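A.B. asks:
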Amino acid sequence: MTSEITLFVNPTAGRGRGARAARPAAAALRDAGFSVRTVLGDDPQDALARARTAVEEGTGALIAVGGDGMANLALQAVVGTGTPFGLVAAGTGNDFARALGMPLREPAAAGRMIADALKCGRVRDIDLGRVGDRWFGAVLASGFDSRVNDRGNRMRMPLGRFKYDLAMVAELAAFKPLPYRITLDGGEVREIEATLVAVGNGPSYGGGMRICPGADLTDGLLDITVVGECSRATLLRVFPKVYRGTHIDHPAITVLRAATVELSAEEVTGYADGEPVGPLPLTARCVPGALRVVGP
């Protein structure tokens with residue numbers, strides 16, 4: 020493995036935390052004897068093109084520095100190449116970093132962990148989800164949570180997670196369950212009124228909400244959490260349990276598992292790792308061993 024590795028940096032992640040996190044992470048990697056090249060970009064498309072070029076030129080590893088959006092962008096460059104992927108969490112949610120067991124907002128510690136793993140050859144292959152030509156590591160969200168994302172993305176103020184808290188309150192006041200058609204592995208079909216349907220390659224989204232608590236990055240399956248028809252009062256009572264993953268015991272919630280799932284509902288956008296991937300219907304597939312990761 021070459022000693023040159025690439026830091027793929029989002030300087031605006033976490034209101035500037037991405038740029039600040041890159042420095043101690045790079046220092047830790049250099050202290051371990053690695054040559055570090057930094058890739059930025061004028062916009063996401065330019066950054067992705069530069070990351071792909073680094074991978075094609077044989078970089079020893081592609082290390083994303085930022086939040087879930089940056090991690091998701093990096094996946095598009097490295098998936099299927101065999102180039103090790105690492106993650107220095109510096110965003111707001113950091114759910115993929117949680118799934119990988121990486122330190123959160125401790126860039127120097129993450130850099131040291133990645134350096135040690137690269138030197139020891141501590142890499143492993145994990146599954147990814149795929150929707151069309153878009154890869155995701157954590158969760159494909161749809162329904163109530165994607166409507167919250169839609170509303171939050173339209174809001175200019177306030178900044179940060181509080182914007183989405185306000186969007187959730189506003190959406191909750193008007194939201195009604197939606198008729199879904201869920202097709203599992205091309206065969207079993209379920210038609211249900213659902214508040215939300217989340218498809219998890221990893222267990223959490225939204226900054227630690229364990230919506231798919233049993234999701235395993237290496238089992239070749241997607242976990243599908245279906246929150247059925249329920250009142251606003253019930254939703255508010257169940258919501259705090261999502262952070263512990265104990266919400267799945269509620270009778271309104273069903274957990275399914277499949278290698279492929281098609282979701283169909285009217286006027287619903289799917290969000291993968293917090294990034295919009297398009298309106299339903301969408302088909303998500305689990306691709307076993309799609310990504311080589313370096314870390315704990």
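With the first letter of the sequence shown counted as 1, position 47 gets the number 66 in the working numbering; the numbers rise by one all the way through. Ideal placement from N, C-alpha and C gives every residue a C-beta, glycine not left out. The model shown is predicted, which means the values in this text are computed figures rather than measured ones.
#1: Can you tell me where the beta strand (DSSP E) holding proline 295 begins and where it ends?
#2: Is the Cβ-Cβ distance between leucine 67 and alanine 96 less than 7 angstroms?
#3: Using a threshold of 7 angstroms, state whether the C-beta atoms of alanine 160 and tyrosine 262 are closer than that.
#4: Classify glycine 247 as helix, strand or coil using the three-state DSSP reduction.
#5: Taking its Cβ as the centre, do 16 or more other Cβ atoms sit within 10 Å of serine 139, making it buried, or is it exposed?
#6: Can you round the beta-carbon distance between isoleucine 145 and leucine 236 to whole angstroms, since I take them to be within the 8 angstroms contact cut?
#7: Any contact of the segment 241–253 with the segment 112–132, i.e. 3+ C-beta pairs under 8 angstroms?
#8: Cutting at 7 angstroms between CB atoms, please list the residues of its own chain near leucine 203, excluding the five before and the five after it.
#9: Helix, strand or coil for serine 165, going by three-state DSSP, please let me know.
#10: With the cut-off set at 7 angstroms, would you say asparagine 29 and glycine 85 are in Cβ contact?
#11: I'd like the list of long-range same chain contacts for alanine 320, defined as Cβ closer than 6 angstroms, with 5 residues on each side in sequence excluded.
#12: Would alanine 252 and aspartate 242 qualify as a contact pair, given that the criterion is a beta-carbon distance under 7 angstroms?
#13: Count the other C-beta atoms from every protein chain shown that fall within 10 angstroms of the C-beta of phenylalanine 258, then say buried if there are 16 or more, exposed otherwise.
#14: Applying the criterion that 16 or more other CB atoms from any shown protein chain within 10 Å of the CB defines a buried residue, is threonine 25 buried or exposed?
#15: Go through its chain and collect everything with a Cβ distance to alanine 271's Cβ below 6 angstroms, but skip five positions before and after it.
#16: In the DSSP assignment, the beta strand (DSSP E) including alanine 271 goes from what residue to what residue?
#17: In the DSSP assignment, find the unbroken alpha helix (DSSP H) run with aspartate 87 in it and report its ends.
#18: Could you have a look at glycine 277 and say whether DSSP puts it in helix, strand or coil?
#19: Could you give the residue range of the beta strand (DSSP E) that holds alanine 305?
#20: Report, in whole angstroms, the separation of the C-beta atoms of arginine 311 and phenylalanine 104, which I expect to be a contact under 8 angstroms.
#21: Output yes or no for whether 7 angstroms exceeds the beta carbon distance between alanine 47 and glycine 110.
#22: Aspartate 73 to aspartate 268, Cα distance in whole Å?
#23: Please return the same chain residues whose Cβ sits closer than 7 angstroms to the Cβ of valine 55, not counting the five positions on each side in sequence.
#24: Thinking C-alpha only, which one of Leu215, Gly88, Ile211 and Ala108 is nearest tryptophan 154?
#25: Nearest-angstrom Cα distance between valine 306 and aspartate 152?
#26: How many Å lie between valine 142 and tyrosine 224 at the Cα?
#27: Are leucine 106 and alanine 136 closer than 7 angstroms when you measure CB to CB?
#28: Do you know how far the Cα of glutamate 76 is from the Cα of serine 22?
#29: Return helix, strand or coil for methionine 228, following the three-state DSSP convention.
C.D. replies: Walking through what the data contain:
#1: 294–298
#2: yes
#3: no
#4: strand
#5: Looking at the sequence shown, residue 139 is not serine but cysteine. Under this definition cysteine 139 is an exposed residue.
#6: 4 angstroms
#7: no
#8: Leu275, Ala277 and Val280
#9: helix
#10: yes
#11: Coverage of the chain is limited to positions 20 through 315, which leaves residue 320 absent and any answer about it impossible.
#12: no
#13: exposed
#14: buried
#15: Gly247 and Cys249
#16: Neither: alanine 271 is in no beta strand (DSSP E) and is coded neither H nor E.
#17: 87–97
#18: In the sequence as presented, glycine is not what sits at residue 277; that position holds alanine. Alanine 277 falls in the strand class under three-state DSSP.
#19: The question names alanine, but residue 305 is cysteine in the sequence shown. Run containing cysteine 305: 301–313, per the beta strand (DSSP E) assignment.
#20: 6 angstroms
#21: no
#22: What sits at residue 73 in the sequence shown is alanine, not aspartate. Distance between the alpha carbons of alanine 73 and aspartate 268: 46 angstroms.
#23: Ile24, Leu26, Ala45, Leu48 and Arg49
#24: Gly88
#25: 12 angstroms
#26: 24 angstroms
#27: no
#28: 13 angstroms
#29: strand
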